[in-house]
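Accompanying notes for the structure given below.
Residue numbers (this note's numbering): 42 to 513.
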């Protein structure tokens with residue numbers, strides 16, 4: 042699988058623009074202390090990922106000629122699991138302070154560089170040694186199953202290594218070299234991967250050795266898209282039959298996250314099992330021949346729209362905005378009749394509005410989402426006061442109805458009131474929606490153009506969410 046490459050020099054520039062050795066504080070709220078602590082750690086992870094993503098986008102113009110040829114490519118694959126990560130980053134050595142406020146528990150988690158960085162570097166050194174030993178053992182193995190298991194184990198450790206390396210560099214640590222790349226492992230894997238011509242058999246291989254209770258399965262996706270294809274949806278359904286699954290990510294003790302690559306003779310599918318601390322526990326891979334999924338679409342149809350939506354504007358200042366659903370924020374698939382609830386969170390007081398984008402075969406448009414009852418444009422703008430900062434705010438519940446396909450939510454946030462920055466919208470009496478554009482691409486560009494007109498003294502932030510709906 043081809044992976045976007047980032048040089049060491051470019052990655053170091055991402056973090057050397059400012060000093061990131063300051064302590065990182067995350068805030069979490071929940072019904073229990075454990076739930077609040079989990080939210081606080083996720084908040085730290087999100088802050089690191091948002092900053093990395095913003096620095097990455099604003100530094101892509103740096104010439105590749107700045108690469109130090111003596112450095113290894115240990116961080117060359119960070120873009121895949123950091124710039125567009127779909128699982129949390131591991132947080133080591135955080136310190137917690139909790140308090141009860143009414144029926145809710147509030148937890149503040151602090152990641153102190155001087156205490157946490159040594160923990161990351163120690164774990165990275167241990168992982169490097171473990172990978173080196175596995176690499177040597179796998180090279181000597183004569184049996185195909187032993188080679189497969191060795192490669193799977195290295196892929197599992199490499200995922201943890203890559204994420205730990207991300208945080209370590211963020212904390213101004215030195216880049217660590219794992220001694221192998223995912224691309225090299227995938228090339229080795231093709232010679233020993235189990236090939237099947239049945240989705241049921243593929244599901245058994247992909248879930249082999251995963252006997253833990255409370256596993257939430259995300260549909261596999263391609264590297265280029267978050268769209269859930271009919272192939273990925275059916276494979277997820279078949280895998281569920283072999284596992285003790287959780288109904289929602291909030292209830293889960295483990296997350297099972299997959300990716301696939303289309304080839305001429307079929308697809309390569311890889312799934313990783315992550316624990317509650319975002320550490321990969323197991324990896325399984327399989328090659329599925331074309332006749333096993335005849336009639337099922339495997340190619341995402343909305344890649345261009347997704348890339349445009351995810352491009353976003355770089356974070357301006359310290360304002361961060363996040364969007365999620367009752368089933369999380371990644372690789373989302375909703376069935377007809379499901380009730381979907383969406384949430385937005387700002388890390389400080391500010392304003393936001395939401396644009397919905399529909400990219401379905403039979404329907405294509407962009408529209409402003411009404412966030413509360415108010416007269417005129419004010420119904421589209423939500424103000425987050427200081428008391429509600431760092432808390433998830435529901436923007437409404439929606440029922441999944443036809444037509445089905447891919448949809449997106451774009452959230453624009455600012456430290457300035459957005460009432461005069463809303464894109465022009467026209468009420469459609471038939472649907473009751475306030476249309477911004479007849480196509481989602483046009484809608485995204487219209488919205489983003491308005492935000493770019495803000496003066497530099499105004500903080501702005503943008504985020505988005507992609508989800509797929511289907512008839513059940």
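Every residue, glycine too, gets a C-beta built ideally from N, C-alpha and C.
| Item | Value |
| --- | --- |
| Three-state secondary structure assigned by DSSP to residue 254 | strand |
| Residue 477 CB to nearest heavy atom of the ligand ADP below 6 Å | This structure lacks the ligand ADP, and indeed carries no ligand of any kind. |
| Length of the line joining the Cα atoms of residue 524 and residue 229 | Residue numbering for the chain in the displayed model covers 42 to 513; residue 524 lies beyond these limits and cannot be assessed. |
| Coarse secondary structure for residue 144, derived from DSSP in three states | coil |
| Validate contact between the region 196-213 and the region 157-164 using beta carbons, cut 8 Å, 3 pairs | yes |
| Beta-carbon separation (whole angstroms), residue 324 vs residue 280, contact threshold 8 Å | Contact doesn't hold; Cβ gap of about 14 Å is too wide. |
| Secondary structure of residue 456, DSSP reduced to three states | coil |
| Selected residue, minimal CA-CA separation from residue 424, among 386, 160 and 417 | 386 |
| Three-state secondary structure assigned by DSSP to residue 439 | strand |
| Exposure of residue 309, with buried meaning 16 or more beta-carbon neighbours within 10 Å | buried |
| Distance CB(residue 268)-CB(residue 341) smaller than 7 Å | yes |
| Secondary structure of residue 122, DSSP reduced to three states | Low per-residue confidence applies at residue 122: pLDDT is 37, beneath 50, and the placement is therefore not dependable enough to give any value. |
| The region 190-199 / the region 323-338 touching (three or more Cβ pairs under 8 Å) | yes |
| Residue 155 versus residue 132 - alpha carbon distance | 14 Å |
| Boundaries of the beta strand (DSSP E) in which residue 279 is found, first to last residue | Looking at the DSSP string, residue 279 is not in any beta strand (DSSP E); the run it does join, the alpha helix (DSSP H), is 271-281. |
| Residue 400 and residue 343 closer than 7 Å at C-beta | yes |
| Residue 515 (DSSP reduced to helix, strand or coil) | The structure shown does not extend to residue 515, since the chain spans only 42 to 513, so no value can be given for it. |
| Per DSSP, cross-strand counterpart(s) of residue 472 | In DSSP, residue 472 forms no bridge with anything. |
| Separation of residue 299 from residue 243, as counted between CA atoms | 13 Å |
| Boundaries (first-last residue) of the beta strand (DSSP E) holding residue 259 | Element bounds for residue 259: n/a, residue is neither H nor E. |
| Neighbour-count burial assignment, residue 435, 16 or more Cβ in a 10 Å radius | exposed |
| Residue 393 vs residue 466 beta-carbon contact at 7 Å | no |
| Alpha-carbon to alpha-carbon, residue 86 and residue 130 | 5 Å |
| Nearest-angstrom Cα separation, counted from residue 223 out to residue 108 | Note that residue 108 scores a pLDDT of 39, beneath 50, so its modelled location is shaky; the value from the coordinates is reported in the next line. Distance between the alpha carbons of residue 108 and residue 223: 20 Å. |
| Residue 201 vs residue 321 beta-carbon contact at 7 Å | yes |
| Counterpart residues of residue 309 in DSSP-defined beta bridges | 302 and 328 |
| Neighbourhood of residue 459 by C-beta, 6 Å cutoff - its chain only, sequence neighbours within 5 removed | 392, 394 and 422 |
| Exposure label - residue 305; buried when at least 16 CB within 10 Å | exposed |
| Buried versus exposed, by CB contacts within 10 Å (16 or more), residue 146 | buried |
| Local conformation of residue 157 per DSSP, three classes | helix |
| C-alpha distance - residue 239 paired with residue 232, whole-angstrom precision | 20 Å |
| Exposure label - residue 372; buried when at least 16 CB within 10 Å | buried |
| Backbone secondary structure at residue 87 - three-state DSSP | helix |
| Residue from 160, 509, 316 and 405 with nearest C-alpha to residue 474 | 405 |
| Counterpart residues of residue 365 in DSSP-defined beta bridges | 384 |
| Under the three-state DSSP convention, the category residue 485 falls into | helix |
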